[in-house]
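Residue numbers (this note's numbering): 539 to 691. Just so you know, even glycine gets a beta-carbon here, dropped at the ideal spot from N, CA and C. Since the structure is predicted, the reported quantities are computational estimates derived from the model, not experimental observations. Single-structure report; data block below.
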């Protein structure tokens, strides 16, 4: 059964700021699979930058004029070569990094077609509920873990 978002979010507006910090609007996919009998969540290890090697939910920046759902489909296709079906919005994370404010819309998603192939990340894992605490999450992504655990039965 495919998940679908109940209502669309508005397109991104580049002029957003938070307390004089640049606000970066991003989306993240909590890609789940239960084909092996146990629900698993897909996570990637960042392959670049200050947070290289830390784990995150795949996704990326929302471009001007895109809805969050459109951005998420585009980002997953670019970074992982697969097409996803975007489901419900789980949560919007607001997190202050030292250099910027991050606003991250996190959606449930499923692979609709293709295989997940790493193009930017240095590693990937399918994690069960019990394994979610085994990786070193990026600070903003860490805020989503308890919500995901509550949804995985």
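Run through DSSP, which three-state label would residue i get?
| i | result |
| --- | --- |
| residue 690 | coil |
| residue 568 | strand |
| residue 554 | Caution applies to residue 554, whose pLDDT of 45 falls short of 50 and renders its modelled position unreliable; the value that the coordinates give is listed next. Looking at residue 554 - three-state DSSP - the assignment turns out to be coil, as it is neither helix nor strand. |
Out of the options, point me to the one whose CA is closest to residue i's CA.
| i | options | result |
| --- | --- | --- |
| residue 597 | 643, 591, 559 and 604 | 643 |
| residue 510 | 577, 652, 653 and 594 | As displayed, the chain neither begins before 539 nor continues past 691, which places residue 510 out of reach and without an answer. |
| residue 676 | 622, 564, 589 and 565 | 589 |
| residue 661 | 580, 566 and 560 | 580 |
What does the alpha-carbon distance come out to for the pair residue i and residue j?
| i | j | result |
| --- | --- | --- |
| residue 569 | residue 678 | 17 Å |
| residue 615 | residue 558 | 33 Å |
| residue 666 | residue 603 | 35 Å |
| residue 653 | residue 578 | 16 Å |
Classify residue i as buried or exposed, calling it buried when 16 or more other Cβ atoms lie within 10 Å of its own Cβ.
| i | result |
| --- | --- |
| residue 582 | buried |
| residue 625 | buried |
| residue 641 | buried |
| residue 686 | buried |
Between residue i and the ligand MN, is the CB less than 8 Å from at least one heavy atom?
| i | result |
| --- | --- |
| residue 645 | The ligand MN is not among the ligands present in this structure, which contains no ligands whatsoever. |
### Message
At 4 residues or longer, what runs of the alpha helix (DSSP H) sit wholly inside the segment 588–651?
### Response
Segments of the alpha helix (DSSP H) lying fully in the segment 588–651: 606–618.
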